[in-house]
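Q: Protein chains in written order, with numbering that gives the first Met the number 0: chain Y, 0 to 583; chain V, 0 to 122.
Below you'll find the structure I mean.
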Amino acid sequence: MKSKNLLSQLTRIEQSLHDFSFDELTSEEALSLQETFNAFKLKLEAKIFDPQGKVGAETFNQEKSTKINADATQLIAQVSHEIRTPLNGIIGFTDLLKEDEAMSKPQIEKVDAIQKASYSLMEIISELLEYSKLSSGIENFENVNFDFRTVIGDVCYLTKTLISEKNIEFNATVHENIPVALKGDPSKLSQVLLNLLGNAVKFVDQGSIHLTIKSKQIDSNKVLLEFDVIDTGIGISKEHIGHIFDSFKQAEFNTFAKYGGTGLGLNIVKQIIEKLGGSIRVTSALGQGSTFNFKIPFEIGNAQVIKNQKINRITKAQLNEVEDLNILVFEDNLLNQKLIDQRLKSWHCNVSITEDANQGLKILQNQKIDLIFMDLKMPNKSGFEVTQMIRNHNDKNIRLIPIIALSADFSKSDKDNCRKHRINDFILKPYRTGDLIDKIIKNKKSFERAQMREALVMNPNEIDKMKNKKIDLIPILDECMGDISILEELIQLFINNAQEFMNLAKDHIKNKNIEQLEFAAHKIKSGLKMMNCDILLTIIQQIQKGCKEEVDMSHLKILYDQFVTEYPSIEFEMAKALNNLKNK
Amino acid sequence: MKNQVLLLAEDDELFASLLSFRFKKEGYDVILCKDGKEVKEKLNNEMPDVLVCDIMMPYFSGLEILDFVRNGLKSNLPVFIISAAGNETNELSAFKLGANDFITKPINPSVLIARITRKLILT
C-alpha cells in the first residue's frame, strides 16, 4: 500500500472520529483498538525515525544518521504537501457548501465539523514537519536583539483571541527586573509559549490560565528566565506525567479522541527549549490543573538597538501614509492571520485575508487592492505560484500591484525566486511593527512612481505608430498661401526653437528647475502643433503633465531623452519634405 | 491710403511669424511684440488700429492688457484675445472686459483672419 493511500485513509479516520460515539465501545473493543493503534504507531516510528530497527541508535554512525534524518524530513515534507493539497480542496469546497442557501442548519453543522477536522489535520501536519526539522537538526535558530516585552505582548494578545470563545481568565505577570532587550530567537520563544498556552486553552473549559516570568542574573551579560504556565485544566495523572514529553505520546489514551493532536507538540517544545540551552518540567494533579515550568538562558541584548527600533516605530506621518490602503493578505496560519489583520486594521487599512489563490484573485478582480502580502509557504499553491498568477493576469492594474513576501526563513534561493517572480520585497517573520509599516510605505511609494512613469513614458509601440505618419507640409504651405520662402522661414524657426528647448531643458533638468522646464515646454508646444509633429508634441505634453504633478526628475529626464532621440529624424523628414515641395 | 496698423502680441515665435506674414498679406502693417511689457510700451507711444493679443504672456497677461486698453487708456480699440487652452473663466472675463472676440487655440490662421476681418467690418 502506498503511503498516499494510507494517508488518505488516516485522513478519513481523523474526520470520522469527530462523529464517532465512543460510548458505543465496550472496554474490550477499546483495548483492542488501543493495541492496534499503538502497534501502528510503533511501526511508523520505527520505520521513519529508525529505519534499521535499532532502538537506541548509539551504534549509528553520526553521518549516516544525519542523512537518514534529512531523508525523513524530506519525506515528511513531501507527504505533508500531498496531504495539504486535497485537504485544502476539502476546506475550500466546504466553504462553498456553507454559502449555499439551500443548506439546512443541521447540514451546516456537519459541514462545520468537516472543516474543523480538516483544520486540525492541517495543524497536525505542520507539527509533524516541525518535529522532523528539529529532530534532523535542520531547524535554524536566530540570534538577534529583541524587545522582550513586545514578544510577550504579542503572545498574550494571541492567547486572548484563543480564549475569546471560552469562559477562561488569562493573565500574565512579567517581573520588572527582566532586561528590556534580550538576544536570541524571539520566534522560537513565542512558539514555545504559544504551544504551552494553546494546550492550556485546549484543556481548560472553565477556570484560569496564568503566565509568570521571572529573571535571574547568571553573569554580567546573561540572564536565566523562568517561565510558569499555570492552568486549572484537566491535569495529568501520575503514571502519564513521566512521558508527557515523549514524541507521539499523549497523556491519556482518550486525549486524542477528545482533543485531537499528534502528541508532538510538547516534544517540539522540549526540543526547542533544550536547543536554547534550557530545561522544562511539569507538575500536575489530575482534575486540578498543570504547571509547566521552563528556564531558558538569554544574553542581555543591546537596549540601544531596540530603542532605535522603537523610535522609528510609528509616526503620525507614517499612519497618514497607510491610512485607507486596501491590503490583501495571502496567509494560511490562523494566528498569523489574526496578528496581521489586527495590526493593519489598527492603522486603518482595509484588510482582506485569504489562503486560497482563486479566492484571492476574485478579490483582486472585484476590489481595488493597493498592496499584497504573500506568505510563501502556503498549502495547496505556494506563494510563488500565486504570485505568478497575479503577475500573468490579463488586467494590467492587477498585474502591477506590489507584492511583499512573508516567510519565517529566507534562503538564498528564496530570495532569487522572489526576484524571478517579480516579488517586490520581503519581510522575515516574526516582523516588527515598524518594519511592517516601513515596507508598506516604501512599496506603496515605489508603486506610485512606477504607475506615474508608466502613465508618462510613452511605450515604443505608440511611438512607432506615430512614426508611420509622414511629415506633411502641405497644410502649412497652404497657410503660407503657397509661399515656400515663408514656409522655409517657419521651418528654420521651428528648428531653432527645438534646439533651444533641448539646450534649456537639459539645464533645467540638471538644476531640478521644474518651473523653468514647464515654461520651456509650454513655449515649444504651439510650434509643434503647427508643424503636426505628433510624437514630439505628445512627449512635450507628458513633460508638462509631469511638471504639474511634480513627478521625480528622473522620469522627466526619460521623457526628455525620448524627445532628443526622436527629434533628429523629424528634422530630417521636414527638410526632405521641404525639398520635395521646392522641386515641384 | 495708409495701411491699418495691427499690433500682434504673441510669445510663440513660430505662430507669430506665420500670423504676421498672413496679416501683412491682408494689407496690415504688423507690429510684433513678444511680451506684455512691450505691448504696454507700444500702446503708450502710438495706438494701433487693431490689437491681437495672446492671453498667456510674460509680465502682463492678455487680460491685463485688455483691462489697460479699456480702463487705463479708455480706448475702443478692437481687441482680439487668443488663448491656448479653452478656459471658460478667461473667456467670460475677456468679454466682460470688452474683448471683441475670444479665439481658442489651435488656431487655423485662415479662420482667425476671416473672423477678425468680419468683426472689424461689423464694428
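C-beta: ideal position from N, C-alpha, C; glycine also.
Give a yes or no on whether the minimum CB-CB distance between K41 (chain V) and chain Y is below 9 Å.
A: Counted from its first residue, the second sequence places residue 41 (chain V) at position 42. Answer no: the Cβ-Cβ gap between K41 (chain V) and chain Y never drops below 9 Å.
Q: Mind checking which residues open and close the beta strand (DSSP E) that includes D28 (chain V)?
A: Sequence index remark: in the second sequence, residue 28 (chain V) carries index 29 (1-based). First-last of the beta strand (DSSP E) with D28 (chain V): D28 to C32.
Q: Taking Cβ positions only, does C479 (chain Y) come closer than 9 Å to chain V?
A: In the first sequence, counting from the first residue as 1, residue 479 (chain Y) sits at position 480. Chain V contact via Cβ: present.
Q: With DSSP collapsed to three states, give me the class of P296 (chain Y).
A: The residue you call residue 296 (chain Y) lines up with position 297 of the first sequence. Strand, per DSSP.
Q: Within the 9 Å Cβ cut-off, does N496 (chain Y) reach chain V?
A: The residue labelled residue 496 (chain Y) in the question sits at position 497 within the first sequence. It does; some Cβ of chain V falls within 9 Å.
Q: Could you tell me the distance, in whole angstroms, from the CA atom of G264 (chain Y) to the CA atom of A199 (chain Y)?
A: Counted from its first residue, the first sequence places residue 264 (chain Y) at position 265. Counted from its first residue, the first sequence places residue 199 (chain Y) at position 200. The straight-line gap from Cα to Cα measures roughly 12 Å.
Q: Beta strand (DSSP E) containing C348 (chain Y): first to last residue?
A: To locate residue 348 (chain Y), count along the first sequence from 1; it is residue 349. First-last for C348 (chain Y): undefined, no H or E at that position.
Q: Buried or exposed for G71 (chain V), please, with buried defined as at least 16 other CB atoms from any protein chain shown within 10 angstroms of its CB.
A: Here residue 71 (chain V) refers to the residue found at position 72 when the second sequence is read from its first residue. Flag for G71 (chain V) reads exposed.
Q: Under a Cβ-count criterion, where at least 16 other Cβ atoms within 10 Å of its own Cβ denotes burial, should D374 (chain Y) be classed as buried or exposed?
A: As a first step, residue 374 (chain Y) must be located in the first sequence, where it is residue number 375. Answer is buried; the Cβ neighbour count reaches 16.
Q: Using the beta-carbon of each residue, which ones in chain V are nearer than 8 Å to L489 (chain Y)?
A: Mapped onto the first sequence, residue 489 (chain Y) falls at position 490. What L489 (chain Y) touches in chain V: L13, S16 and L17.
Q: For chain Y, is any of its Cβ atoms less than 9 Å away from the one on K36 (chain V)?
A: The residue you call residue 36 (chain V) lines up with position 37 of the second sequence. Judged by the 9 Å Cβ criterion, K36 (chain V) is not in contact with chain Y.
Q: Chain Y partners of S109 (chain V), CB-CB under 7 Å?
A: As a working note, residue 109 (chain V) is residue 110 in the second sequence. Result: E478.
Q: At which residues does the alpha helix (DSSP H) containing S283 (chain Y) begin and terminate?
A: As a first step, residue 283 (chain Y) must be located in the first sequence, where it is residue number 284. Per DSSP, S283 (chain Y) belongs to no alpha helix (DSSP H); it is in the beta strand (DSSP E), S278 to A284.
Q: Please report the Cβ distance between E598 (chain Y) and I440 (chain Y), rounded to the nearest whole angstrom; I am assuming they are in contact, meaning their Cβ atoms lie under 8 Å.
A: The structure shown does not extend to residue 598 (chain Y), since chain Y spans only 0 to 583, so no value can be given for it.
Q: Say whether chain Y places a C-beta atom closer than 9 Å to the C-beta of D28 (chain V).
A: Within the second sequence, residue 28 (chain V) is the residue found at index 29, counting from 1. Cβ-Cβ to chain Y under 9 Å: no for D28 (chain V).
Q: To the nearest angstrom, report how far apart K53 (chain Y) and I212 (chain Y) are at their CA atoms.
A: Locating residue 53 (chain Y) in the first sequence gives position 54, where the first residue counts as 1. Locating residue 212 (chain Y) in the first sequence gives position 213, where the first residue counts as 1. Summary for K53 (chain Y): the model assigns pLDDT 45, below 50, so the residue's position carries little reliability, and this model does not support an answer.
Q: Taking its Cβ as the centre, do 16 or more other Cβ atoms sit within 10 Å of T231 (chain Y), making it buried, or is it exposed?
A: In the first sequence, residue 231 (chain Y) corresponds to position 232, counting from 1. Flag for T231 (chain Y) reads buried.
Q: Quick one: measure Cβ to Cβ for K329 (chain Y) and G300 (chain Y), integer angstroms, because I've assumed they're closer than 8 Å.
A: Numbered from its first residue, the first sequence carries residue 329 (chain Y) at position 330. Numbered from its first residue, the first sequence carries residue 300 (chain Y) at position 301. The question names Lys, but residue 329 (chain Y) is Phe in the sequence shown. Contact flag wrong, Cβ pair sits at about 32 Å.
Q: In its own chain, which residues sit with a C-beta less than 6 Å from the C-beta of G97 (chain V), not counting the 5 before and 5 after it?
A: Numbered from its first residue, the second sequence carries residue 97 (chain V) at position 98. If we look at G97 (chain V) and ignore the five residues flanking it on each side, its Cβ neighbours are R69.
Q: Apply the 10 Å Cβ neighbour rule to I12 (chain Y) and answer buried if 16 or more other Cβ atoms are within range, or exposed otherwise.
A: On the first sequence, residue 12 (chain Y) is found 13 positions in, with the first residue counted as 1. With fewer than 16 Cβ atoms within 10 Å of its Cβ, I12 (chain Y) is classed as exposed.
Q: Could you give the DSSP three-state label for E584 (chain Y): helix, strand or coil?
A: Lying outside 0 to 583, the shown extent of chain Y, residue 584 (chain Y) is not represented and no answer is given.
Q: Just to check my reading of the structure: L111 (chain V) and N89 (chain V) have Cβ atoms closer than 8 Å, yes? What is that Cβ distance to the nearest angstrom?
A: Locating residue 111 (chain V) in the second sequence gives position 112, where the first residue counts as 1. Locating residue 89 (chain V) in the second sequence gives position 90, where the first residue counts as 1. That pair is no contact at about 17 Å.
Q: Tell me which residues of the segment 85-108 of chain V have at least one Cβ-Cβ distance to chain Y shorter than 7 Å, keeping chain order.
A: Per Cβ criterion, the list reads K104, P105 and P108.
Q: Between R21 (chain V) and chain Y, is any beta-carbon pair separated by less than 9 Å?
A: Counting from one through the second sequence, the residue named residue 21 (chain V) turns up at place 22. Chain Y, which has a Cβ nearer than 9 Å to the Cβ of R21 (chain V), makes this yes.
Q: What does A83 (chain V) reach in chain Y if we use C-beta pairs closer than 9 Å?
A: Locating residue 83 (chain V) in the second sequence gives position 84, where the first residue counts as 1. Near A83 (chain V) (Cβ distances below 9 Å), the residues of chain Y are H521, K524 and S525.
Q: Given a threshold of 16 other Cβ atoms within 10 Å of its Cβ, counted over all protein chains shown, does I208 (chain Y) qualify as buried or as exposed?
A: Taking the first sequence and counting its residues from 1, one reaches residue 208 (chain Y) at position 209. Buried: at least 16 other Cβ atoms inside 10 Å.
Q: Closer than 7 Å by beta-carbon distance: list the chain Y residues that pair up with K24 (chain V), in chain order.
A: For the purposes of this step, residue 24 (chain V) is taken as residue 25 along the second sequence, with counting starting at 1. Within chain Y, the residues near K24 (chain V) are M480.
Q: Please list, in chain order, the chain V residues whose beta carbon lies closer than 8 Å to that of L492 (chain Y).
A: One-based indexing of the first sequence puts residue 492 (chain Y) at position 493. Simply E12, L13 and S16.
Q: Please name the residue in Y:I400, Y:N332 and Y:S406 whose C-alpha comes closest to that of Q364 (chain Y).
A: Stepping through the first sequence from its first residue, residue 364 (chain Y) is reached at position 365. Closest option to Q364 (chain Y), Cα to Cα, is Y:I400.
Q: Is the CB-CB distance between K376 (chain Y) and S410 (chain Y) below 9 Å?
A: Sequence index remark: in the first sequence, residue 376 (chain Y) carries index 377 (1-based). Sequence index remark: in the first sequence, residue 410 (chain Y) carries index 411 (1-based). No, these two residues do not count as a Cβ contact at 9 Å.
Q: Taking the continuous alpha helix (DSSP H) assigned at C52 (chain V), which residues delimit it?
A: On the second sequence, residue 52 (chain V) is found 53 positions in, with the first residue counted as 1. Unbroken run through C52 (chain V) is the beta strand (DSSP E), V49 to D53; no alpha helix (DSSP H).
Q: Would you mind sorting Y58 (chain V) into buried or exposed? The rule is 16 or more other CB atoms within 10 Å of its CB.
A: In the second sequence, the residue the question calls residue 58 (chain V) occupies position 59. Exposed, by the Cβ-count rule.
Q: M55 (chain V) CB to nearest chain Y CB: under 9 Å?
A: In the second sequence, the residue the question calls residue 55 (chain V) occupies position 56. So yes, M55 (chain V) belongs to the interface.
Q: If you drop the 5 nearest sequence neighbours on each side, which residues of the same chain put their C-beta closer than 6 Å to that of Y130 (chain Y)?
A: Within the first sequence, numbered from 1, the residue matching residue 130 (chain Y) stands at position 131. The residues are L263 and I267.
Q: Rounded to whole angstroms, what is the Cα-Cα separation between A256 (chain Y) and A116 (chain Y)?
A: As a first step, residue 256 (chain Y) is located in the first sequence; it is residue number 257 there, counting from the start. As a first step, residue 116 (chain Y) is located in the first sequence; it is residue number 117 there, counting from the start. Residue placement at A256 (chain Y) is poorly supported in this model, since its pLDDT is 49, which falls under 50; the coordinates still yield a value, given next. When rounded, the distance between both Cα atoms is 12 Å.
Q: Which residue spans inside the segment 457-525 of chain Y form an unbroken alpha helix (DSSP H) run of at least 4?
A: The qualifying runs are 459-466, 473-478 and 483-509.
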